[in-house]
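Chemist: Residue numbers (the working numbering): 2 to 75.
Where is the CB? At the ideal position from N, CA and C, for every residue including glycine.
Fair warning: this is a prediction, and the values are worked out from it, not measured in the lab.
1) For residue 44, which residues does DSSP report across the bridge?
2) What's the gap between the Cα of residue 28 and the Cα of residue 6?
3) Taking 8 Å as the cut-off, decide whether the C-beta atoms of residue 60 and residue 46 are in contact.
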């Protein structure tokens, strides 16, 4: 009985080292979409008292293949 308890303690002590290590979270890329590629822009929850209006979210529908990945920019 003591042997089983000892083995359990050893397993509990060593198994956490076998768990996968946390990975660095990669940020999704930033994209530029030229205005001529946009087919629809939808602004949601906008404050129209500001100029230009400030909106909570925006979705853009565009022709595929027009997006340009921004490298090193914000």
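Modeler: Considering the structure as presented:
1) If you number the chain shown from 1, residue 44 lands on position 43. Beta-bridge pairing links residue 44 to 59.
2) Here residue 28 refers to the residue found at position 27 of the chain shown. Here residue 6 refers to the residue found at position 5 of the chain shown. Cα to Cα, the separation comes out at about 45 Å.
3) Here residue 60 refers to the residue found at position 59 when the chain shown is read from its first residue. Here residue 46 refers to the residue found at position 45 when the chain shown is read from its first residue. No; because the gap between Cβ atoms is not below 8 Å, this pair is not in contact.
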